[in-house]
Ligand code: SAH
Ligand code: SF4
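Residue numbers (this note's numbering): 778 to 1131.
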């Protein structure tokens, strides 16, 4: 068989591995062993799976391999943030970010190459949409970033935290995203507890309803960005399809892991959605709900037609929400020197921004 067309084991769920190994006349537990090598131990190839007999490894290798997407570029920030750019087989480029924090290590992953939602302030949206990522392409990002972090400091025991907040709208790629998340949250897979995995969405309602019914669900973050439908519609064309009030109603009944709160993300754009009146309206909208607000000062970049908020206004906005009893945090800018805003590394590489 031509090695170029070998089937990839990486990204397969346990059920598929069971079918494959049963076809080779192997007992059921063999699939579990391969699964553990792929995701728990992040083996780089079939030959590394040392508790499989040599003959089985050879047979498997005839038409299978362990393959991840290719690392195209890495940028190291002085604050420890690492930005990775990956190149998929068809040339599409996507990115992930590693963010070390005091008590945890966070990985931000992408679910689409580009994004069709086209929010006005987002570089990924501005740069266009290519396609949905496959489960193995989503899991590759996590495995590569974990390997890089482990290489940099092998004894780092801080727990992993994963946020689905990179390029793309995960709920527009529901099946592939969930296939990847199931392996991430599986105690026999990457073993990320659901509480430490957060999926961010603009609120694609039919998919959000499906997510609520999943037996194991991540935390939910809703991209709100405006306290009313009119302003939200100006920033996010998706508002015309899935309106703010319906998205909030759907989020109200989201069964968060261990009874946690839904996060409402709010990118602050100077003089557009960051005034006192917006903060008061947001407080009225969210007061009494089981939610918290994460304020994100805009990461400005050439093609983005908005400015970052003034520091004093960020503090005022936060204070107004706190005063009204709405839990709020402000996201710290990380990796500024390596172009932190979503989509920036990708654009730099394709020459569209500097
Ligand atoms: N598509 C999903 C998840 C990816 S975007 C969503 O929109 O929720 C993740 C977050 O990054 C969103 O809250 C988005 O508003 C924010 N974001 C996008 N561009 C940004 C920028 N230039 N500066 C700061 N945050 C940005
Ligand atoms: Fe897509 Fe999210 Fe960017 Fe909007 S903010 S364009 S949904 S990636």
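C-beta atoms are modelled at their ideal positions from N, C-alpha and C, and glycine is treated no differently.
Limits of the beta strand (DSSP E) - the one that residue 849 falls within: Mapped onto the chain shown, residue 849 falls at position 72. Note, residue 849: beta strand (DSSP E), 847-853.
C-alpha gap between residue 859 and residue 1034, whole angstroms: What you label residue 859 is simply residue 82 of the chain shown in a count that begins at 1. What you label residue 1034 is simply residue 257 of the chain shown in a count that begins at 1. When rounded, the distance between both Cα atoms is 28 Å.
Candidates 956, 918, 999, 855: closest to residue 912 by CA position: Translated into positions along the chain shown, residue 912 becomes position 135. Nearest C-alpha to residue 912: 956.
Residue from 813, 802, 799, 990 with nearest C-alpha to residue 960: Taking the first residue of the chain shown as position 1, residue 960 is located at position 183. Checked all of 813, 802, 799, 990; the closest Cα to residue 960 is 813.
6 Å Cβ shell around residue 1059 - same chain, five flanking residues per side excluded: Numbered from its first residue, the chain shown carries residue 1059 at position 282. 1004, listed in sequence order.
Presumed contact (8 Å Cβ cut-off) between residue 958 and residue 983, rounded CB distance: Your numbering for residue 958 matches position 181 in the chain shown. Your numbering for residue 983 matches position 206 in the chain shown. Wrong, their Cβ atoms sit about 18 Å apart, outside the cutoff.
Residue 1129 in three-state terms, based on DSSP: One-based indexing of the chain shown puts residue 1129 at position 352. Only weak support exists for where residue 1129 lies, its pLDDT of 38 falling under 50; the value from the coordinates is given anyway. Coil.
Buried versus exposed call for residue 873 [16 or more other C-beta atoms within 10 Å across all chains shown]: Here residue 873 refers to the residue found at position 96 of the chain shown. Buried, because 16 or more other Cβ atoms sit within 10 Å of the Cβ of residue 873.
Neighbour-count burial assignment, residue 1040, 16 or more Cβ in a 10 Å radius: Working through the chain shown from its first residue, we reach residue 1040 at position 263. Looking at its Cβ environment, which holds 16 or more other Cβ atoms inside 10 Å, residue 1040 is buried.
Endpoints, the alpha helix (DSSP H) within which residue 1025 is located: By 1-based counting over the chain shown, the position of residue 1025 is 248. Looking at the DSSP string, the run of the alpha helix (DSSP H) that includes residue 1025 is 1021-1029.
Short Cβ contact (8 Å threshold) for residue 843 with residue 871: Working through the chain shown from its first residue, we reach residue 843 at position 66. Working through the chain shown from its first residue, we reach residue 871 at position 94. Against a cut-off of 8 Å, the Cβ pair of residue 871 and residue 843 comes out as no contact.
Backbone CA spacing between residue 831 and residue 876 [nearest angstrom]: As a position in the chain shown, residue 831 is number 54, starting the count at 1. As a position in the chain shown, residue 876 is number 99, starting the count at 1. Computed Cα separation, rounded: 39 Å.
Reference residue 847, options 1092, 990, 916, closest by Cα: Taking the first residue of the chain shown as position 1, residue 847 is located at position 70. Comparing Cα positions, the closest option is 916.
Range of the contiguous beta strand (DSSP E) that encloses residue 891: Residue 891 sits at position 114 when you count from the first residue of the chain shown. Segment 889-891, the beta strand (DSSP E) holding residue 891.
Simplified DSSP state of residue 841, which is helix, strand or coil: In the chain shown, counting from the first residue as 1, residue 841 sits at position 64. Note: residue 841 maps to strand in three-state DSSP.
First through last residue of the beta strand (DSSP E) which encompasses residue 1074: The residue given as residue 1074 occupies position 297 in the chain shown. Looking at the DSSP string, the run of the beta strand (DSSP E) that includes residue 1074 is 1068-1074.
Cβ-based burial, residue 980 [other Cβ within 10 Å; buried from 16]: Taking the first residue of the chain shown as 1, we reach residue 980 at position 203. Buried, because 16 or more other Cβ atoms sit within 10 Å of the Cβ of residue 980.
Runs of alpha helix (DSSP H) lying entirely within the segment 1035-1063, each at least 4 residues, in chain order: 1053-1063
Residue 1113 burial status per 10 Å Cβ neighbour count (16 or more: buried): By 1-based counting over the chain shown, the position of residue 1113 is 336. With fewer than 16 Cβ atoms within 10 Å of its Cβ, residue 1113 is classed as exposed.
Near the ligand SAH: residue 787 beta-carbon under 7 Å from a heavy atom: Taking the first residue of the chain shown as position 1, residue 787 is located at position 10. No, the beta carbon of residue 787 sits no closer than 7 Å to any heavy atom of the ligand SAH.
Same chain, Cβ closer than 6 Å to residue 1204, neighbours up to 5 away in sequence not counted: Lying before the first or after the last residue shown, residue 1204 is absent from the chain, which here runs from 778 to 1131.
Proximity test, residue 1154 beta-carbon vs the ligand SF4 heavy atom, cut-off 7 Å: This structure gives no information on residue 1154, because the portion of the chain shown stretches from 778 to 1131.
Residue from 1032, 974, 1013 with nearest C-alpha to residue 762: No statement about residue 762 is possible, as the shown extent of the chain runs from 778 to 1131 and does not include it.
Residue range of the unbroken alpha helix (DSSP H) whose run includes residue 951: Here residue 951 refers to the residue found at position 174 when the chain shown is read from its first residue. From DSSP, the alpha helix (DSSP H) with residue 951 extends over 951-962.
Alpha carbon of residue 951 to alpha carbon of residue 1047, nearest angstrom: Your numbering for residue 951 matches position 174 in the chain shown. Your numbering for residue 1047 matches position 270 in the chain shown. For residue 951 and residue 1047, the distance between alpha carbons rounds to 33 Å.
Residue 938 versus residue 880 - alpha carbon distance: For the purposes of this step, residue 938 is taken as the residue at position 161 of the chain shown. For the purposes of this step, residue 880 is taken as the residue at position 103 of the chain shown. So the two alpha carbons sit approximately 10 Å from each other.
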